[in-house]
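Quick note: the sequence shown uses the numbering used here, first residue 4, plus one each step.
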Amino acid sequence: MGNSRRVEILVGLFVAAGLAALFFLAMKASNLSTYDAGDGFEVTARFDNIGGLTVRSPVKVAGVTVGRVAGVEYDMETFQAVVRLDIESQYDQLPRDTSASIFTSGLLGEQYVALEPGAAMEPLADGDEIRITQSSLVLEQLIGQFLYNKAAE
Numbered sequence: 004m005g006n007s008r009r010v011e012i013l014v015g016l017f018v019a020a021g022l023a024a025l026f027f028l029a030m031k032a033s034n035l036s037t038y039d040a041g042d043g044f045e046v047t048a049r050f051d052n053i054g055g056l057t058v059r060s061p062v063k064v065a066g067v068t069v070g071r072v073a074g075v076e077y078d079m080e081t082f083q084a085v086v087r088l089d090i091e092s093q094y095d096q097l098p099r100d101t102s103a104s105i106f107t108s109g110l111l112g113e114q115y116v117a118l119e120p121g122a123a124m125e126p127l128a129d130g131d132e133i134r135i136t137q138s139s140l141v142l143e144q145l146i147g148q149f150l151y152n153k154a155a156e
């Protein structure tokens, strides 16, 4: 009787550990892990196409996460996506002429905003707009261009 009870407890612990691991994986995959911008600052960037970029997507400089996407809106006058970026306060020395690009990382294709620092002496400040941007590459458009070029040969 005691041995069967011990097996039941071990199976229960194993199932609980498996559920905790699945929960952790789901949080990492969905970018819902806790992030507090705190005393950071917000800048905006305009893109012609943001692909699958979503709120809470990472903002990276040289592969290091320095913030998150705070919001995405559509500007009816310029027909562009306006992306609000929350940058952590410790990265407040990014030059004003920093450029922003949208890239895809990993096998799951998580999209993120990559910032490339410029050479200006004056840093970005709260409310500034990043003017140099590169939109997301859309795989369907690349395949379409490839097929069109092959058909034209």
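C-beta: ideal position from N, C-alpha, C; glycine also.
Since the model is a prediction, treat every value here as computed from it, not as a measurement.
Nearest-angstrom Cα distance between residue i and residue j?
{"i": "S108", "j": "N6", "result": "49 angstroms"}
{"i": "F50", "j": "V75", "result": "10 angstroms"}
{"i": "E125", "j": "F106", "result": "26 angstroms"}
{"i": "E119", "j": "G112", "result": "21 angstroms"}
{"i": "R59", "j": "R71", "result": "5 angstroms"}
{"i": "I133", "j": "I53", "result": "15 angstroms"}
Do residue i and residue j have their CB atoms nearer than 8 angstroms?
{"i": "T47", "j": "R99", "result": "no"}
{"i": "A24", "j": "E45", "result": "no"}
{"i": "V116", "j": "Y94", "result": "no"}
{"i": "D127", "j": "L97", "result": "Correcting the residue type first, residue 127 is Leu in the shown sequence and not Asp. Yes; because the gap between Cβ atoms is below 8 angstroms, this pair is in contact."}
Starting from residue i, trace the beta strand (DSSP E) both ways and give me its first and last residue.
{"i": "P61", "result": "61 to 64"}
{"i": "I105", "result": "102 to 108"}
{"i": "Y94", "result": "Where Y94 is concerned, there is no enclosing beta strand (DSSP E), given that its DSSP letter is neither H nor E."}
{"i": "E76", "result": "67 to 78"}
{"i": "R134", "result": "Looking at the DSSP string, R134 is not in any beta strand (DSSP E), and its letter there is neither H nor E."}
Exposed or buried, residue i, counting other C-beta atoms within 10 Å across all chains shown (16 or more means buried)?
{"i": "L194", "result": "This structure cannot speak to residue 194, because the chain is shown only from 4 to 156."}
{"i": "D78", "result": "exposed"}
{"i": "T81", "result": "exposed"}
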